[in-house]
Amino acid sequence: MPLSLPGYAGDWFERSLDRQVRLAVTGLSRAGKTAFLTSLVNQLRHAGLDARLDMMGCAREGRLLGAQRQTQPDLSVPRFPYDQALASLEGNPPEWPSPTRGISELRLLIRYKSRANSRHFLGEQRTLTLDLIDYPGEWLLDLPMLRQNYQQWCEALGAQLTGRRRRFAERFLDRISGLDPAATADEQQLADISAEYARSLNSARNEGGYTWVQPGRFLLPGELDGAPVLQFFPWPLEQLGDPARLAELPADSNYQTLARRFEHYKRTVIGPFYRQHFRRFDRQIVLVDVLSALNAGPDVFDDLRHAIATLMQSFDYGNRSILSRLFNPRIDRLAIAATKADHVTPEQHDNLLSLVQALMAEPLRDLRYADIPVKSLSLAAIRATQARTVEHEGQRHPALKGTTESGEDVLMFPGEVPSKLPDADFWQRQGFDFTAFKPARQGQGEALPHIRMDSALDWLLGDKLR
């Protein structure tokens, strides 16, 4: 049996032998993080039984014995609600798991048989420790703020308030238009304007479909609701005037009060979140929902591209040695996944893959330059539809069978996915209406159906399961 050590000493020993992996499941709100984590646990728990993992080498060779959940390392962090998520999917009618509203963790012990040529004193059966974390995608949006001061943040967000997006912020902009940067701060006035700004963010996300909404905690404040640390907002630069004059304003002025709260937010909210959860990853999968962005239109699609490219700068990538594993973990392997592949017909999957690669072209070039192995794929962590073929006027056409969010059973062709970034002419002549589906009914205790979860698992973990 594998050697076991208690607590952090055991973690240290496992990492020294490269038998512990911290996986970053990175995705913005509604990209499918909770579904992915639920499916990942489910597939590994059902390995060797009814899970379909043909593209995972260890499973295909019959060496994957399964996985068990263990107590997470940090007892102050809630456990990932796997049982609740599974209960939702197995309900009648089945429902998608509840969206993530806070931090949770999960530790899996994956048991496998080593290949004959890699067996050593630890025995034939080996164990890989896999640590996972779930968090609201909204909070992820704040990481780039760590590299900005208040004025730089105001400039960056002000540049986004153009075109269709500006109408979601009109009431906020009206409220701030008469505010004097040099006037003595009125706590209630700043709180009221901050609340209006938060409402504009919620509208931009929920009604407009926009992804890049900061600060993310304004959308899910949790225990910080009503605290002054969440009572600040971006100030349009044209209203601020000379930057040199702003630096000389008294500490109790509107501008200096907002700038101070911005820095406090970075120091006490974003910084700990980043240090505790985002500086210690070994592997990463980035989940991208391009279909919803296509539905929403060209400005939302460009907004998603900007959000992903900016977020990728917040992670540490690089090749590892035994010392870096112990003292300075870095992400040494990455997967890029276009989610909800079950929402389009199978012959569209190649286009979906090409589109997500085009969407992330800039960060992918940087990663390849740094010699970081990257794999792109399209997947459905939990498949909600079945591929079908229908006949029309003597010709056979691809279709999907599923249940829409409104509860209607349909047989339909959801649309064609562009294989490259859509240009202006394309948006004018092509409309999108990719339907959202409910999860399919599951048999009690059965492995969740999926598309290419085995490929993702093999890429992320396969080299550790030899």
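Read left to right, the sequence shown gives residues 1 to 466 (the UniProt record's numbering).
Backbone N, C-alpha and C define an ideal beta-carbon position, used for all residues, glycine too.
Give every residue of the same chain whose Cβ lies closer than 6 Å to the Cβ of residue i, excluding the five residues on either side of it in the sequence, and list them in chain order.
| i | result |
| --- | --- |
| PRO363 | ALA309 and MET312 |
| ALA59 | ALA47 and LEU53 |
| ARG164 | ASP299 |
| ARG63 | TYR112 and LYS113 |
| ALA67 | LEU44, ARG45, LEU108 and ILE110 |
| PHE327 | At PHE327 the pLDDT is 38, less than 50, meaning the model places this residue with poor confidence; the figure from the coordinates comes in the next sentence. There are no such residues. |
| MET56 | ASP454, LEU457 and ASP458 |
| TYR197 | PHE172 and PHE233 |
| ALA384 | ASP342, GLY402, PHE437, PRO439 and ALA440 |
| SER200 | PHE168, ALA169 and PHE172 |
| PRO99 | none |
| LEU258 | PHE232 |
| LEU377 | ALA337, ARG452 and SER455 |
Hey, is residue i's beta-carbon within less than 7 Å of any beta-carbon in chain C?
| i | result |
| --- | --- |
| ALA195 | Given the protein chain composition of this structure (a single chain), no chain C is represented. |
Look at the Cβ atom of residue i, then the Cβ atom of residue j, and state whether they are nearer than 7 Å.
| i | j | result |
| --- | --- | --- |
| GLN231 | LEU141 | no |
| ILE331 | GLN284 | yes |
| ASP101 | LEU219 | The question names Asp, yet the displayed sequence has Arg at residue 101. Result no, Cβ atoms of ARG101 and LEU219 do not sit closer than 7 Å. |
| PHE36 | ALA381 | yes |
| ASP131 | ARG275 | no |
| VAL229 | HIS277 | no |
| SER88 | PRO97 | yes |
| residue 490 | ARG305 | Residue 490 lies beyond the stretch modelled for the chain, which goes from 1 to 466, so this question has no answer here. |
| GLU105 | GLN72 | yes |
| THR339 | LEU287 | yes |
| GLU207 | SER29 | no |
| ALA31 | ASP289 | yes |
| THR345 | LEU400 | yes |
| GLU90 | GLN386 | no |
| THR129 | GLN20 | yes |
| THR38 | ALA85 | yes |
Excluding sequence positions up to five away, which residues of its chain have a Cβ less than 8 Å from the Cβ of residue i?
| i | result |
| --- | --- |
| GLN43 | ALA51, LEU53, ALA447, LEU448, HIS450, MET453, ASP454 and LEU457 |
| PRO243 | GLN151 |
| LEU334 | ARG283, GLN284, ILE285, VAL286, TYR317, LEU367, ILE372, PRO373, VAL374 and LYS375 |
| ARG267 | none |
| ALA204 | ARG165, PHE168, ALA169, TYR210 and VAL213 |
| LEU146 | LYS266, ILE270, GLY271, TYR274 and SER314 |
| ALA307 | LEU28, LEU141, THR211 and TRP212 |
| PRO414 | HIS343, VAL344, THR345, LEU400, ASP433, PHE434 and THR435 |
| GLU155 | LEU237 |
| ARG396 | THR389 and VAL390 |
| ILE176 | ILE193, PHE233, TRP235, PRO236 and GLN239 |
| ASP134 | VAL25, LYS33, THR34, LEU37, PHE80, THR100, ILE103, SER104, GLU105 and LEU106 |
I need the boundaries of the alpha helix (DSSP H) containing residue i, first residue and last residue.
| i | result |
| --- | --- |
| ARG164 | 163-166 |
| HIS397 | HIS397 -> not in any alpha helix (DSSP H); beta strand (DSSP E) instead, spanning 395-403. |
| GLN428 | 424-429 |
| LEU40 | 33-45 |
| ALA23 | Ala is not the amino acid found at residue 23; the sequence shown has Leu there. Here LEU23 belongs to no alpha helix (DSSP H); instead the beta strand (DSSP E) covers 20-27. |
| ASP458 | 453-461 |
| ALA387 | No alpha helix (DSSP H) contains ALA387, which is instead part of the beta strand (DSSP E) from 386-392. |
| ARG60 | 57-60 |
Residues in the same chain with beta-carbon distance under 7 Å from residue i, minus the five sequence neighbours each way, listed in chain order, please.
| i | result |
| --- | --- |
| ASP463 | none |
| THR184 | ASP252 and SER253 |
| residue 472 | It is not possible to answer for residue 472, since the shown part of the chain is limited to 1 through 466. |
| ASN202 | LEU219 |
| GLU347 | PRO398 |
From what residue to what residue does the beta strand (DSSP E) around residue i run?
| i | result |
| --- | --- |
| LEU86 | No beta strand (DSSP E) holds LEU86; the alpha helix (DSSP H) holding it covers 82-89. |
| ARG441 | Per DSSP, ARG441 belongs to no beta strand (DSSP E) and is neither H nor E. |
| ARG79 | Neither: ARG79 is in no beta strand (DSSP E) and is coded neither H nor E. |
| GLY66 | 64-70 |
| ASP409 | 409-412 |
_For the stretch 362-379 against the stretch 423-439, do three or more pairs of beta-carbon atoms, one drawn from each stretch, fall closer than 8 Å, so that the two count as touching?_
no
_Secondary structure, beta strand (DSSP E): runs of 3+ residues fully inside the stretch 239-315_ = 283-288
*Enumerate, from N- to C-terminal direction, the unbroken beta strand (DSSP E) stretches of 3 or more residues contained entirely within the stretch 332-378.*
333-338 and 374-378
*beta strand (DSSP E) runs wholly inside the stretch 112-198, at least 3 long, in chain order*: 125-134
*Say whether the stretch 342-360 touches the stretch 417-430, bearing in mind that this needs 3 or more beta-carbon pairs closer than 8 Å, one atom from each stretch.*
yes
*Does the stretch 180-194 come close enough to the stretch 250-270 that 3 or more CB-CB pairs lie under 8 Å?*
yes
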